[in-house]
Amino acid sequence: IKPFKYNNPGYSLTTPGLAPDGKRLYFASDMPGGFGGADLYYCEWNNNDWDEPVNLGQKINTTGNEAYPFASKSGELYFSSDGHKGLGKKDIFFSRQVEGEWITPIHLDPPINSKEDDFGLVTDINLEEGYFSSHRKKTDDIFNFKTEIHQFYNCDGLQENHYCFLFYDEGFPDVDTLPLRYEWDFGDGEKVVGLEAEHCFPGPGKYSVQLNIVDNNTGNTFFTQSSYEFELEDIEQPFINSTDAGIVGNKIKYDGLKTNLPDFEIADYIWNFGDGFKATGPVVDHTYRKEGEYIVQLGLLGEKDSLGVIPKTCVYKKINILEDYQALAMHTAREKGEIKEIPEVEESEQSELNTLYSLGEEKEGDEVFRVQILDSDSQVSSDSSFFDPLRNTYEINENYIYSDSIYSYTVGEELHFLATYPIYNDVVSRGFSDARVKSYILADLTEEELKEINKEFEEFADAYFEFDNYKISSASYPILDKIVQIMNENPSLKLEIAAHTDNIGSFEYNMNLSQRRAQSIVNYLVVKEINPERLKGKGYGESRPVASNNTEEGRKMNRRIEFIIINE
-15 IKPFKYNNPG
-5 YSLTTPGLAP
5 DGKRLYFASD
15 MPGGFGGADL
25 YYCEWNNNDW
35 DEPVNLGQKI
45 NTTGNEAYPF
55 ASKSGELYFS
65 SDGHKGLGKK
75 DIFFSRQVEG
85 EWITPIHLDP
95 PINSKEDDFG
105 LVTDINLEEG
115 YFSSHRKKTD
125 DIFNFKTEIH
135 QFYNCDGLQE
145 NHYCFLFYDE
155 GFPDVDTLPL
165 RYEWDFGDGE
175 KVVGLEAEHC
185 FPGPGKYSVQ
195 LNIVDNNTGN
205 TFFTQSSYEF
215 ELEDIEQPFI
225 NSTDAGIVGN
235 KIKYDGLKTN
245 LPDFEIADYI
255 WNFGDGFKAT
265 GPVVDHTYRK
275 EGEYIVQLGL
285 LGEKDSLGVI
295 PKTCVYKKIN
305 ILEDYQALAM
315 HTAREKGEIK
325 EIPEVEESEQ
335 SELNTLYSLG
345 EEKEGDEVFR
355 VQILDSDSQV
365 SSDSSFFDPL
375 RNTYEINENY
385 IYSDSIYSYT
395 VGEELHFLAT
405 YPIYNDVVSR
415 GFSDARVKSY
425 ILADLTEEEL
435 KEINKEFEEF
445 ADAYFEFDNY
455 KISSASYPIL
465 DKIVQIMNEN
475 PSLKLEIAAH
485 TDNIGSFEYN
495 MNLSQRRAQS
505 IVNYLVVKEI
515 NPERLKGKGY
525 GESRPVASNN
535 TEEGRKMNRR
545 IEFIIINE
C-alpha cells in the first residue's frame, strides 16, 4: 500500500473514485481554496505519478458538502451533495463534461433520492441497475435499484416546423406597359399573383417554384423570370404532436410518431406529463386533475450501440390546462390573435432553395431571348406542315438541348425578353398558343450545336471520308457548312478538329491517316474563309477509343471526328 502523495494532516481527502480508464482520480476534500465544506477534486495520472489536484468548479461544488464521486463508462459523474437543491439532506446528482465544461448537475428522481441522506451510488453504463447507500430507514444501509423508466435531462424545447414562407424577387423589370403580370407558381397547385407572395406548403417535400410572367390575354406563361428547386424538411428532433391547451378532467392525446431523427433507431418512447405521472409508448393519453401550465417531456431511448450504451434524446413543450370550455375558448382566441411573422425563404434552416435560373443573375456568355414554338423528344423536319403558318414570316431555328434531351424550335431573337413580345403575340395569334419566351446563352447554344454535329459525324463518319483515305466526300459538305455558319456567328470561337480511327492497321498508319483527315477539314474551312488561326487539326489515331475495337460496332464508334471548343 502506497500513500496518496497529496495526503495532508491539515485537511481530509475522502471517498476516492477512479475513472473507468484509470487515468483520473476523483475525491472529496476540505483543503483550502475550495467553495465550502468538502469539494470534489480530480488528479490526472501523468508519467507514473498524479498531477496537482484540480477543483471541479462552482458548477459542481457549493458552499455545502460534495462527496462520493463515481465516474461511469458513459461519461456521467455521480456524486452526493447537501448544497444543491434536493429533497432533503444529502441527495445524489450527476453531471458530465460538454466541450470541457461541466453541465448543471441533474437531480436523480425518487425513489433513489429521499428526504434523508442518499450517497455512494455505483451503477452500470446506462443507469439501468446499481447500488447506493441511504439513511432513509434511520440507519446507513445499502440498496439495490433497477430502472423501469429512464430519466431525461437537458431537453430542448420543441421547435415549430414552418411550412409558410415569404417569396420575393429582386431586380425585376417593369411589365406594366404590356398586358403581362407576375405570378408565383409553387408547384403544389397553388399560384399567387404579384412579385411578393406568402405561401404555405402542405408539408415536407421537393417543390418546383417559379416566378412567371403571364400573358393577361391568354393566361399562359409568357416568360419564366426565376426558377427554383425548393426542398422543405421537418426539423430533426423528437416531436410531440398534441394540442397546446386542454381542460381539467379531459383526456389529451400525445403522439410521438412524427419524430424526425433519421439516424436514431427508436427503442422506446417515455413521457413525463409534468404532474408527477409518466407513461411509455409512441401514442398515449393523459388527464390532468388541476389547471395550470405543465411541461410535457418526450424522451426517446435508442438501441444499444456496440459499447452497450443506450443513446437518449428528448424534447419538451408547454401545455396549458384550463378550468372549462369558456376559459379554453378565451385562451385559443388570444393565441390566434398573436401575429406570427412569416420567415423569408432564404432565412429558413429547414429549407433549401436552389436557383435553376434567374433573369438577374450574371451569365457566362451573351444571353438572348427567343420565342419557342415547340419542344419535342424527336427531331421534326423543317418541311413539316406544323411550321406552315410561320414559314413565310420567320426563320425557324432548331436547337438540340442536351441537358434535357429535347429539340427546341424557336423564332426571333432579342437581347431583352420584353422586346420579344410583339413576336410572341403574333405567333400566338397564328395558333401557337403554347408559345413562350426562352432564354439562351450563346456560348451554350454553340456548344449544343457542336455536340449535335459531333453526333452526326460519329454516326456517319464512314460516309464522310473515302474508304481508307483522308479526302472528305461531298456527303460531309452540308455538315461542314454548319461549322462555317457557327464560326461566322461567333467570331471569337476557336475549334480543334480531332480525328480518330479504329485499331485496324498499324499504330503509325492510323496516326498519319487521322492527322491528314483532320487537316482536310481544316483546309475546307479555310477555303470557306475561316481564319486558320482559329483552327487546330489534330489526329489521335487509335489512341483514344470510346468503345471496344473487338466488334465492328465498336470500331465504327471509334472512327469519328470531334469539334472541340478551345478555351484560352
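According to the working numbering, the sequence shown is numbered sequentially starting from -15. Glycine included, each C-beta is placed from N, C-alpha and C at the ideal position. In this text, all values refer to a predicted model and were calculated from it rather than measured experimentally.
For residue j and residue i, the rounded distance between their alpha carbons
i       : j      : result
Tyr267  : Asp350 : Checking the sequence shown, residue 267 turns out to be Val, not Tyr. Roughly 59 Å separates the two Cα atoms.
Leu2    : Phe257 : 37 Å
Arg543  : Ser498 : 9 Å
Gln281  : Phe78  : 19 Å
Glu113  : Asn128 : 8 Å
Phe214  : Ile224 : 26 Å
Ile470  : Lys522 : 20 Å
Arg501  : Tyr393 : 33 Å
Leu245  : Cys298 : 11 Å
Lys540  : Asp486 : 7 Å
Glu179  : Leu195 : Correcting the residue type first, residue 179 is Leu in the shown sequence and not Glu. So the alpha carbons of these two residues sit roughly 8 Å apart.
Glu275  : Tyr191 : 43 Å
Phe136  : Tyr253 : 11 Å
Gln209  : Tyr461 : 40 Å
Ala608  : Ala311 : Here the chain has residues from -15 to 552 only, and residue 608 is not among them.
Glu492  : Ala419 : 54 Å
Glu287  : Gly265 : 15 Å
Asn(-9) : Arg8   : 17 Å
Glu83   : Pro16  : 28 Å
Thr243  : Lys57  : 29 Å
Val395  : Ile385 : 16 Å
Leu399  : Ile425 : 11 Å
Leu142  : Gly292 : 28 Å
Val329  : Ser342 : 16 Å
Cys148  : Leu337 : 14 Å
Of the residues the options, the one placed nearest residue i, counting alpha carbons only
i       : options                                : result
Gln503  : Lys455, Asn244 and Ile380              : Lys455
Ile548  : Leu164, Asn533 and Leu477              : Leu477
Lys302  : Pro295, Gly286 and Ile279              : Ile279
Ser332  : Tyr10, Glu28 and Asn145                : Asn145
Lys74   : Thr131, Pro53, Asn49 and Gly59         : Asn49
Val193  : Ser290, Asp388, Val38 and Glu167       : Glu167
Asp108  : Ala459, Tyr378, Ile294 and Asn376      : Ile294
Tyr391  : Arg375, Ser362 and Phe401              : Ser362
Arg354  : Ala483, Pro406 and Glu473              : Pro406
Gly21   : Glu36, Ser64, Asn(-9) and Lys(-14)     : Ser64
Val411  : Leu434, Arg375 and Asp388              : Arg375
Asp66   : Glu83, His91 and Ala55                 : His91
Asn507  : Gly525, Gly489 and Ile481              : Ile481
Pro53   : Glu83, Asn32, Asn138 and Pro89         : Pro89
Trp86   : Tyr424, Ser366, Gly41 and Tyr524       : Gly41
Ile51   : Asp101, Leu71, Asn409 and Glu546       : Just to set this straight, residue 51 is Ala in the shown sequence, not Ile. Checked all of Asp101, Leu71, Asn409 and Glu546; the closest Cα to Ala51 is Asp101.
Leu479  : Met495, Ile514, Ile250 and Ile(-15)    : Ile514
Asn201  : Pro373, Leu164, Lys57 and Tyr424       : Leu164
Asp465  : Gly233, Gly489, Asn494 and Ile505      : Ile505
Asp125  : Tyr147, Ile96 and Asp140               : Ile96
Glu526  : Gly538, His183 and Ile467              : Gly538
Asp199  : Asn472, Asn494, Tyr424 and Ser413      : Ser413
Tyr(-5) : Lys(-14), Phe(-12), Ser13 and Pro(-13) : Ser13
Phe206  : Glu536, Val421 and Ile550              : Val421
Glu379  : Ser369, Glu397 and Asn338              : Glu397
Beta-carbon separation (whole angstroms), residue i vs residue j, contact threshold 8 Å
i      : j      : result
Ile133 : Leu105 : Rounded, the Cβ-Cβ distance is 18 Å, inconsistent with contact.
Gly6   : Trp29  : 7 Å
Leu358 : Val352 : Not really, about 18 Å apart at Cβ, beyond 8 Å.
Gln356 : Ile219 : The Cβ separation is near 41 Å, so there is no contact.
His484 : Arg518 : His484 to Arg518, Cβ: 22 Å. No contact.
Leu284 : Phe248 : 7 Å
Leu162 : Leu402 : 7 Å
Leu216 : Phe185 : 6 Å
Thr46  : Phe11  : Not a contact, Cβ separation roughly 17 Å.
Asp271 : Lys237 : At residue 271 the sequence reads Thr, which differs from the Asp that was named. So it is not a contact: roughly 11 Å between Cβ atoms.
Leu509 : Ile467 : 6 Å
Residue i CB to nearest heavy atom of the ligand SAH below 6 Å
i        : result
Lys(-14) : Within the structure as shown, the ligand SAH is missing, as the structure has no ligands at all.
Legend entry - Contact between the stretch 102 to 116 and the stretch 152 to 170 (3+ Cβ pairs under 8 Å): no
Inset, instruction - Please determine if the stretch 226 to 242 and the stretch 291 to 307 are in contact, where contact requires at least 3 C-beta pairs separated by less than 8 Å. - result: yes
Legend entry - Contained beta strand (DSSP E) runs [length at least 3] in the stretch 184 to 222, N- to C-terminal order: 189 to 199 and 205 to 216
Legend entry - beta strand (DSSP E) runs wholly inside the stretch 331 to 408, at least 3 long, in chain order: 335 to 342, 351 to 360, 381 to 385 and 390 to 398
Legend entry - 4 or more residues per run - each alpha helix (DSSP H) lying fully within the stretch 463 to 524: 491 to 511
Inset, instruction - Identify every run of the beta strand (DSSP E) within the stretch 249 to 308, keeping only runs that are complete inside it and at least 3 residues long; order them along the chain. - result: 250 to 256, 262 to 264, 267 to 271, 276 to 286 and 296 to 306
Legend entry - Unbroken stretches of the alpha helix (DSSP H), 4 residues or longer, contained in the stretch 57 to 96: none
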